[in-house]
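Taking it in order: structure first as structure tokens, then the write-up.
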Amino acid sequence: MVVALILVLVAVGSVAFHLLSPWWWTPIASNWSYIDHTIIITFWITGVVFVAIILFMAYCVFRYRYRKDRRAEYEPENKKMEWWLTGLTSVGVAAMLAPGLFVWNQFVSVPEDAAKIEVVGEQWQWSFRYPGKDGVLGTTDPRNITPENPFGLNPNDPKGQDDVLVQGPEARLPLDKPVKVLLRAKDVLHDFYVPQFRAKMDLVPGMITYFWITPTRTGTFDVLCAELCGLGHHVMRGKVVVEPESEFQAWLQEQPTFAQSLARAGTGTPDINLASSEGGSEPLERLLK
Amino acid sequence: MPAPAMSPGARPRRSRVRVSRVLAVVVAGLLGGAAEASAHVSGSAAAAPGLIYLIVVGATIVLSLIAGAYFIGQTLTEKPWLPVPGKVVHLHDGRASSLPSATLGLRVFLAVVAVVFSLLVAAYAERMAFPDWRPLPEPWLLWPNTAVLILSSIALQWARVSARRGQDEGAKLGLLAGGVFAFAFLAGQLLAWQQLRATGYFAAANPANSFFYLITALHGLHLLGGLVAWGLTTAKLWRGVEVFRVQASVELCAVYWHFLLVVWVVLFGLLLIT
Amino acid sequence: MAHAAHAETAYVPPAEVPDVELYHPKTFLGKYIWCQDAKVIAIQYAITATAIGLVALVLSWLMRLQLGFPESFSFIDESSYYQFITMHGMIMVIYLLTALFLGGFGNYLIPLMVGARDMVFPYVNMLSYWVYLAAVLVLVASFFAPGGPTGAGWTLYPPQAILQGTPGSGWGIILMLASLALFIIGFTMGGLNYVVTVLQARTRGMTLLRMPLTVWGIFVATILALLAFPALFVGSVMMMLDRLLGTSFFMPAIVEMGERLQYNGGSPLLFQHLFWFFGHPEVYIVALPAFGIVSDLISTHARRNIFGYRMMVWAIVAIGGLSFIVWAHHMYVSGMNPYFGFFFATTTLIIAVPTALKVYNWVLTLWRGNIHLTLPMLFSLAFIITFVNGGITGLFLGNVVVDVPLSDTMFVVAHFHMVMGVAPILVIFGAIYHWYPLITGRMLNEAMGRFHFWVTFLGAYAIYLPMHYLGFLGVPRRYYEMGETMFVPESAHFLNAGMSVVALIVGFAQMVFLFNLAWSAFKGREAGRNPWRATTLEWQTHESPPGHGNWGPALPVVYRWAYAYGVPGAAQDFVPQNLPPDRVATAADVDHEGVRGVAVQPAE
């Protein structure tokens, strides 16, 4: 009796915790509300099964508790019931998988007109690159990376000269514009993770990976690293500011292009954006001691 | 229900034919599907062929499991709770195959080794797909080495047949020759490494080199392990143990040698076509 | 109905075993140290696995202290924290769960349950344990090596695992990889034994479909392990070469801390594929034995035949097979070609069907049963709840698009702890309460057992259920501390602290359990023969606890499946597998006398 009651309490308690606890996802700021919907569908289907199984178990534990004069029913199998259960489960699984694959198809189909931004990760900081006026990101190679050329852009590639480089940990994105986020790592795996965007993807050295989003809400959002990248994994932070197109463009104009930063490096002027990364540098220094 | 009256030999043969046909059809279908998938996604950032190959390895394992389940147990559809004729109890001696346990053990082990080398091939295929792949020149020594390994296998086969016939001398000679050839092969492989290093192809110099050294080293180590078993067997025979007592060991050595020969031919072929 | 005795089955001559003397140990060392008896090897495996598992348990406390009360413990810095999580994960998954289920339970139960005297290759079996022990010692050595053990996370992803920014990238990772290679070699030796013993050494009458599901689970899990571990082996060897010789299997061109390294052209994703090609079957290497064992526990303690036995067997085989083509669901956000998401999401969700069927059959076994709420039964009930919970969150993570926001968050941590941490370990506990009387001849103390059960089950549930919601919030896994964010509310820290406190309490309950194990070995109530009135062969041995060679002069003969509980017309509510059909209706004394010796009487 007590055991059956506790089983019921576990089921009811789990549902109550789900419904009443204050811990739930942070409000979405991108077009991927489809993902949230798929999660809700999954929750409903699996939640019903979870509760049904535990309650049925509790019923059995109570109803068929040991009695000296009782013998269990000898029933090796019940084909019909098992086929029914298999069928129903398959339907439930399909009901979760179908919307999932449908949304995944959207996830992997980047809109033609998506703007581009490149995120570069290294232990343990973020930097960003925008394609500049020509709308094309210049080619890069790890061999080109020097203190003057931290992005490793190919100095001979004309398409890279106008690329806008943001060396601090703050990126900006225009509101309501689809953007393809290209990801590149210099050293180890990282993962560009903005909880409000729902989407994330690993940065892999030697590869360029990507995902796409359309920011749908203005504001400032945390960027975290979601793939273990060494001692400073948890302090590898950044910010993404989503703002209206006009403000975004104004900000972009203020950032140095590759050509400009090379010229500055040539004249010995320190890179202007280093200052903005100072906030995160103290723990890094401690780690590297 | 099982068919207990059937003679033990008849059942496996029939099912093997059927299983192999099913396997062939399914593998062909999978390969076709995989090729289509790779065509579909080609040009994307991730290198696909290795992954496709890995899927094929996985699928092969799945199919082998299914085939295995079918092979060992047409009994898997029996209803064990029903009363069965007593005859089954008498006949069934708890063995899924008539092979000696050691032979079956070796076969399971060979399956494991086969997976190891398949995965290496998958990794190799994945790496080859990158544009910067620079194959290394195969040292000419690999040709005579291959010949020596074939000779080694032939010698062991001779020992195997002799042992079956109870011919003491033939078994001794075959074993000895097989071992000598195997050692010669290993020495030849070391020489081939020497050749490569002399011309500047170090293990870390580029990925093709790394793979070459890794694959040959792993193959050599397996052969070396086989030589331990070979040494024990040969020593016994030399101490005067009667040939029928070591026949089982000779069989196992021969099977292992043939397997390693096949693996080598596949690996060597792979190195050649690239 | 089912057991009308056929005249011709009234007596079956036992199989002759002339070499029974071979199995008798000659010396003390031969009996307890260099022992070839699978039962002793099983105990050796179990003790070693438990010992190293305790290390991992302590590591989890340290980890929880840091998570619950960040900046309170000066001795836990970033580097040691990452070393704790790495070693905790690796030890629990491989050196505890895999070793205990296959090396421990496999060795003890396979020969006894199929009616064999021992494993078919006892010498290789012994070697298997000693190589395993060597693997554990190498692993332990890494704790004392310069720089400490590796802190690369249990997945050991390169390039990070072998670069400077990760703790233990010197000796730590080298010893880790060496230890894994040793483990795999040792396991392969044992695994060959388990597979060939099941195939070739069953006793007369023990058809494959008369085997208990425990044997089926361990058998299929062993096949999976034999075929999956090579991937980890290959990956470990290649990473070792990358680390020691400077090859570039997994290492692309890298600029680390502004310095260009010599590596060029390798693929980090290749390692991930190899790792998960092993790693996903590994989940089932742990789960399938648990499935099998829990089926037997439920059936025995509910006094009812397992419901849908054949479906259960087929499901084990199907799950085992499918587990080889789902691995990349661990890599949806790894940067692999996203089109593979369609394939792997589909295969992954298909696995849910046979798995769900198993759950239904466990519950349907309770239905119309006659349920004894013994400790093994309680642990089985708790297993079903935690497994269903963890399986359900697996449907979230397997569905590629749902995985995207949740992967690499605490949701994943909660999921795999529930499904392959808590659930299998509850089965291990249930199994120990069930088979301890067989091994020692004494029952475990009931009061301590109930305390252990309720604290462990409710505590573990209270730790991991809320943890999912941290993942929903967006808290990433493997964070030394959360630090400042704009999306994690203050209350989440309170939740974390609560989980840590509960974790310490649950940990304490395990000490009670260990004490019970030691105490009951001497002071426990005498179990007598077959205290659970079980049908399976391990309870019907010649002497109790079973001695070397298991069966005395002759092997048992099996007349029926392992689930003859509640058979109409039988004198008892269970019919042992080796009870001759002509005694089924009359053998009312089997629970007192056992049926030992029944099948071994000489034919006169």
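Heads up: the protein sequence lines correspond to chains A, B and C, in order.
Just so we're aligned: 35 in the numbering used here is position 30 of the first sequence, and the numbers increase by one with no gaps anywhere.
Just so we're aligned: 1619 in the numbering used here is position 161 of the second sequence, and the numbers increase by one with no gaps anywhere.
Just so we're aligned: 814 in the numbering used here is position 178 of the third sequence, and the numbers increase by one with no gaps anywhere.
For each residue, glycine too, the CB sits at the ideal point set by N, CA and C.
Which same chain residues end up closer than 7 angstroms to GLY1624(B) when comparing Cβ atoms and leaving out the 5 residues on each side of it in sequence? The residues are VAL1701 and PHE1702.
Please report whether the beta-carbon of PHE1717(B) lies at a distance below 8 angstroms from any beta-carbon of chain C. Using a Cβ-Cβ cut-off of 8 angstroms, PHE1717(B) does not count as an interface residue toward chain C, since no Cβ of chain C sits closer than that to its own.
Here's a check: name, in chain order, each residue in its chain whose Cβ is nearer than 7 angstroms to the Cβ of HIS1716(B), leaving out the five neighbours to either side. Cβ neighbours of HIS1716(B) beyond the five flanking positions: SER1611.
Less than 8 angstroms between the CB atoms is what I'm expecting for PRO620(C) and TYR79(A), so what's the real figure, rounded? Within the shown structure, residues of chain C are numbered from 637 to 1240, placing residue 620(C) beyond reach of any answer.
List, from N- to C-terminal side, the alpha helix (DSSP H) runs of 4 residues or more that fit wholly inside the stretch 943-1021 of chain C. Those alpha helix (DSSP H) runs which fall completely within the stretch 943-1021 of chain C and span 4+ residues are 945-958 and 976-1002.
Buried or exposed for ALA1098(C), going by 16 or more other Cβ atoms inside 10 Å? Burial of ALA1098(C) is indicated by the presence of at least 16 other C-beta atoms within 10 angstroms of its C-beta.
Straight-line CA distance for LEU769(C) to MET876(C)? Those two C-alpha atoms are separated by around 21 angstroms.
Any idea which residues DSSP pairs SER35(A) with across the strands? In DSSP, SER35(A) forms a bridge with PRO220(A).
Show which residues of chain A have a CB atom less than 7 angstroms away from the CB atom of SER903(C). Within chain A, the residues near SER903(C) are GLY211.
Tell me whether ASP932(C) is buried or exposed, calling it buried when 16 or more other Cβ atoms sit within 10 Å of its Cβ. ASP932(C) is classed as buried because its beta carbon has at least 16 other beta carbons within 10 Å across all chains shown.
Counting only the same chain and skipping the five closest in sequence on each side, list residues whose C-beta sits under 6 angstroms from that of PRO116(A). Around PRO116(A): PRO183.
Can you pull out the residues from the stretch 923-938 of chain C whose beta carbon lies closer than 8 angstroms to at least one beta carbon of chain B? Result list empty, no residue passes.
TYR803(C) and GLY783(C) look like a contact to me (Cβ under 8 angstroms); what is the Cβ gap, rounded to whole Å? Looking at the sequence shown, residue 803(C) is not Tyr but Pro. PRO803(C) to GLY783(C), Cβ: 7 angstroms. Contact.
Following the continuous alpha helix (DSSP H) through VAL125(A), name the residue where it begins and the one where it ends. Following the DSSP letters along the chain, one finds VAL125(A) in no alpha helix (DSSP H) but inside the beta strand (DSSP E) bounded by residues 120-127.
For TYR668(C), count the other beta carbons within 10 Å of its own beta carbon; 16 or more makes it buried, fewer makes it exposed. Which is it? Around the CB of TYR668(C), fewer than 16 other CB atoms lie within 10 Å, so the residue is classed as exposed.
Could you tell me whether the Cβ atoms of SER715(C) and GLY827(C) are closer together than 8 angstroms? Result no, Cβ atoms of SER715(C) and GLY827(C) do not sit closer than 8 angstroms.
Measure the C-alpha to C-alpha separation of TRP1601(B) and VAL1723(B) and round it to an integer number of angstroms. Each residue's Cα considered, the two are about 11 angstroms apart.
At least one CB of chain F closer than 8 angstroms to the CB of GLY1057(C): is that the case? Judged by its chain identifiers, the structure shown contains no chain F, and its protein chains are A, B and C.
Quick one: residues in its chain with C-beta nearer than 7 angstroms to the C-beta of GLY157(A), no 5 flanking neighbours on either side, listed in chain order? Close CB contacts of GLY157(A) within its chain, under the 7 angstroms cut and outside five residues either way in sequence, are with THR145, ASP146, PRO147, ASN149 and ILE150 (chain order).
Indicate whether at least one CB of chain C lies closer than 8 angstroms to the CB of VAL1724(B). Taking Cβ atoms only, chain C never reaches closer than 8 angstroms to VAL1724(B), which makes this a no.
Under the rule that 16 or more other beta-carbon atoms within 10 Å means buried, what is PHE720(C), buried or exposed? Buried, because 16 or more other Cβ atoms sit within 10 Å of the Cβ of PHE720(C).
My output table needs one value for ASP227(A): the three-state DSSP class, helix, strand or coil. Secondary structure of ASP227(A) (DSSP, three-state): strand.
Can you give me the C-alpha to C-alpha distance between ALA57(A) and LEU1062(C), rounded to a whole angstrom? Spanning the two alpha carbons is a distance of roughly 22 angstroms.
Taking the alpha-carbon positions, what's the LEU906(C) to THR883(C) distance? Those two C-alpha atoms are separated by around 14 angstroms.
Rounded C-alpha distance that separates PHE48(A) from PHE1032(C): One alpha carbon belongs to PHE48(A), the other to PHE1032(C), and they sit about 8 angstroms apart.
Identify, in the order they occur along the chain, each residue of the same chain with its Cβ nearer than 6 angstroms to the Cβ of LEU1512(B), setting aside the five sequence neighbours on each side. These residues qualify, in order along the chain: ALA1580.
Excluding the 5 residues preceding and the 5 following VAL1485(B) in the sequence, name in chain order all residues of the same chain whose CB lies nearer than 6 angstroms to its CB. Any answer about VAL1485(B) is weak, because its pLDDT of 42 lies below 50 and its placement is not dependable; what the coordinates show is given next. The beta carbon of VAL1485(B) is closer than 6 angstroms to none in its chain, skipping five residues each way along the sequence.
When burial is assigned at 16 or more other CB atoms within 10 Å of the CB, is SER764(C) buried or exposed? SER764(C) should be labelled buried.
Our contact map puts GLY1095(C) next to ASP207(A) with C-beta atoms below 8 angstroms; I'd like the distance itself, whole angstroms only. Not a contact, Cβ separation roughly 34 angstroms.
Can you give me, in chain order, the residues of the stretch 74-96 of chain A that have a beta carbon less than 8 angstroms from any beta carbon in chain C? Residues of the stretch 74-96 of chain A whose Cβ lies closer than 8 angstroms to any Cβ of chain C, in chain order: ARG75, ARG76, ALA77, GLU78, TYR79, GLU80, PRO81, GLU82, ASN83, MET86, GLU87, LEU90, THR91, THR94 and SER95.
Does the beta carbon of ILE859(C) sit closer than 8 angstroms to a beta carbon anywhere in chain B? By this cut-off, ILE859(C) is an interface position.
Any chance the stretch 13-20 of chain A sits against the stretch 180-196 of chain A, with 3 or more Cβ pairs inside 8 angstroms? The stretch 13-20 of chain A vs the stretch 180-196 of chain A: no contact.
Less than 8 angstroms separating the beta-carbons of VAL691(C) and ILE727(C)? In contact: VAL691(C) and ILE727(C) (Cβ atoms closer than 8 angstroms).
Residues that SER764(C) contacts on chain B, provided the C-beta gap is smaller than 7 angstroms: In chain order: nothing, as chain B lies at least about 13 angstroms away.
Among ILE44(A), ILE33(A), SER35(A) and MET62(A), which has the Cα closest to the Cα of VAL999(C)? For the residues ILE44(A), ILE33(A), SER35(A) and MET62(A), the minimum Cα distance to VAL999(C) belongs to MET62(A).
Proximity to PHE1019(C) [Cα-Cα], best of ARG753(C), GLY1057(C) and GLY1188(C): Comparing Cα-Cα distances from PHE1019(C) to each of ARG753(C), GLY1057(C) and GLY1188(C), the minimum goes to GLY1057(C).
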